[in-house]
Amino acid sequence: MPTSIGTTVSTQTKIRPTVRLAAVDGDAEKHPDWLVELHTKGWTVVRGALPRETALAYANKAYEWLESWDLGFDRKDPSTRKAANLPWHTRGGLYSRYGVGHEQFVWDLKSEPGLVEKWEQIWGTRELLVSFDGLNLSLPEKERPKSDPIFAPWAHVDQSPFNNKFDTVQGILNLLPNGPEDGGLMVFEGSSSCYTELWQHFDHKKGEKGWSTWAYQSVDEEMCQWLEARGCKWTKVCAEPGDLLLWDSRTIHYGAAPSSVNDRFAAYVCYKPAAAISEEAKKVRLQAFEAKQNTTHDPADFRVREYLPPADHPTYEAAIKRPLQSPVLSKRARELIGLDLY
Numbered sequence: 211m212p213t214s215i216g217t218t219v220s221t222q223t224k225i226r227p228t229v230r231l232a233a234v235d236g237d238a239e240k241h242p243d244w245l246v247e248l249h250t251k252g253w254t255v256v257r258g259a260l261p262r263e264t265a266l267a268y269a270n271k272a273y274e275w276l277e278s279w280d281l282g283f284d285r286k287d288p289s290t291r292k293a294a295n296l297p298w299h300t301r302g303g304l305y306s307r308y309g310v311g312h313e314q315f316v317w318d319l320k321s322e323p324g325l326v327e328k329w330e331q332i333w334g335t336r337e338l339l340v341s342f343d344g345l346n347l348s349l350p351e352k353e354r355p356k357s358d359p360i361f362a363p364w365a366h367v368d369q370s371p372f373n374n375k376f377d378t379v380q381g382i383l384n385l386l387p388n389g390p391e392d393g394g395l396m397v398f399e400g401s402s403s404c405y406t407e408l409w410q411h412f413d414h415k416k417g418e419k420g421w422s423t424w425a426y427q428s429v430d431e432e433m434c435q436w437l438e439a440r441g442c443k444w445t446k447v448c449a450e451p452g453d454l455l456l457w458d459s460r461t462i463h464y465g466a467a468p469s470s471v472n473d474r475f476a477a478y479v480c481y482k483p484a485a486a487i488s489e490e491a492k493k494v495r496l497q498a499f500e501a502k503q504n505t506t507h508d509p510a511d512f513r514v515r516e517y518l519p520p521a522d523h524p525t526y527e528a529a530i531k532r533p534l535q536s537p538v539l540s541k542r543a544r545e546l547i548g549l550d551l552y
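Numbering of the sequence shown is given in the numbering used here, commencing with residue 211 and proceeding in unit increments.
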């Protein structure tokens, strides 16, 4: 197992090239409605980015991955749908360790032409690099009370308050039917247009260390109420298998845990022009790939996640023994990683 596993590495782009949505640069009528909506509303859904059957096939691979840990989970046995039978995760179903972002089925998904071409339209170039994100595999537990903290909102942005420019588009490829009570993406519509004013108005809340310089910042209830008074509204984004959810990283959002009996499966996907990523960051990305480590959302301004779960977690020893996967990569996947240069 590579020695870099178990370490935390961070990188920030020192020189931030300007990036712009393609829809900004020309006649909006020449662009698809979803792309214009992303720019004007701050979020959108691309219906049927992948065929339904293709998305469901990836969901099946995700079930197989959970079962492959041999911790007792069996998708056909309701009694096994509990945290004790699953690898370590956060917030009810966030998987960001164990090299899950480099499993064969995940790289096959990230390289799907129907998915990648949407990001080519967003940025106006095929020369893209993709984040090494993980998955959301949320399995509702019947015995979990609705008062459990897992159901509490955790509003945030995946962009530093010091960066008020349009910078990153985040994405979720939905893999299972996702209705109003099935968990999933909650977006605070209109919040991206209030981004600069928000941090200025609540400057007194930044604390001794100030606002985060990294691509993440929590937003509290008082801030949300202030935004609601300015017309912002929470929206639960519902989707079908194969739909692609997109949002400007300045849009406040969070992932809700399912309150129904239905599973929520989704893959986090975020692509950015290779020209917007520093050479330093590209090197760290390649190191992360070789070590099969996941990263945070932004392909340019990211943190490399720990490979193993916390040492005191029951699956720690199982994770150590679990062999690293070596996916067979297509030409497009090698380009998106940065192994093959454009």
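Glycine residues also receive a C-beta, built at the ideal position from the N, C-alpha and C atoms. Model, not experiment: these values are computed from the prediction.
query: Beta carbon of M554 nearer than 8 Å to that of W444; result: For the chain, the structure presents residues 211 to 552; residue 554 sits outside this window and is missing.
query: Rounded separation between S402 and H366 - CA only; result: 12 Å
query: Nearest neighbour of Y426, chosen from Y526, W329 and T461 [CA to CA]; result: T461
query: Host alpha helix (DSSP H) of W444 (start-end); result: Where W444 is concerned, there is no enclosing alpha helix (DSSP H), although the beta strand (DSSP E) it sits in stretches over K443 to K446.
query: Cross-strand partners of I382 (DSSP beta bridge); result: L455 and Y478
query: Residues bridged to L319 (per DSSP); result: In DSSP, L319 forms no bridge with anything.
query: Proximity below 8 Å, CB of H299 to CB of P537; result: no
query: Residues near Q314 by beta carbon distance below 6 Å, same chain, minus five either side; result: P537
query: Local conformation of T505 per DSSP, three classes; result: strand
query: Cβ-Cβ distance between L385 and P468 below 8 Å; result: no
query: Simplified DSSP assignment, three categories, for A259; result: coil
query: Assigned secondary structure, L546 (DSSP; H/G/I helix, E/B strand, else coil); result: helix
query: Own chain partners of G548 with C-beta closer than 7 Å, once the 5 adjacent residues on each side are dropped; result: L339, K492, R495 and L496
query: Reduced DSSP category for E313 - H, G, I as helix; E, B as strand; rest coil; result: coil
query: Per-residue DSSP class, three states only, for A425; result: coil
query: Environment of A294 [buried if 16+ CB atoms lie within 10 Å]; result: exposed
query: Burial state of K286, where buried means 16 or more other Cβ atoms lie within 10 Å; result: exposed
query: L534 (DSSP reduced to helix, strand or coil); result: coil
query: Within the segment 285-360, ranges of the alpha helix (DSSP H) (whole runs, at least 4 residues); result: 314-320 and 323-333
query: Cβ contact check for the segment 406-423 and the segment 501-516: 3 or more pairs under 8 Å; result: no
query: The segment 334-350 touching the segment 470-482, judged by at least three CB pairs closer than 8 Å; result: yes
query: Alpha carbon of G389 to alpha carbon of K356, nearest angstrom; result: 18 Å
query: CA-to-CA distance, S321 to S540, given in whole angstroms; result: 8 Å
query: Opening and closing residue of the alpha helix (DSSP H) in which E247 lies; result: D243 to K251
query: Collapsed DSSP secondary structure at H463 in the structure displayed; result: strand
query: Run of the alpha helix (DSSP H) containing F372, from where it starts to where it stops; result: Element bounds for F372: n/a, residue is neither H nor E.
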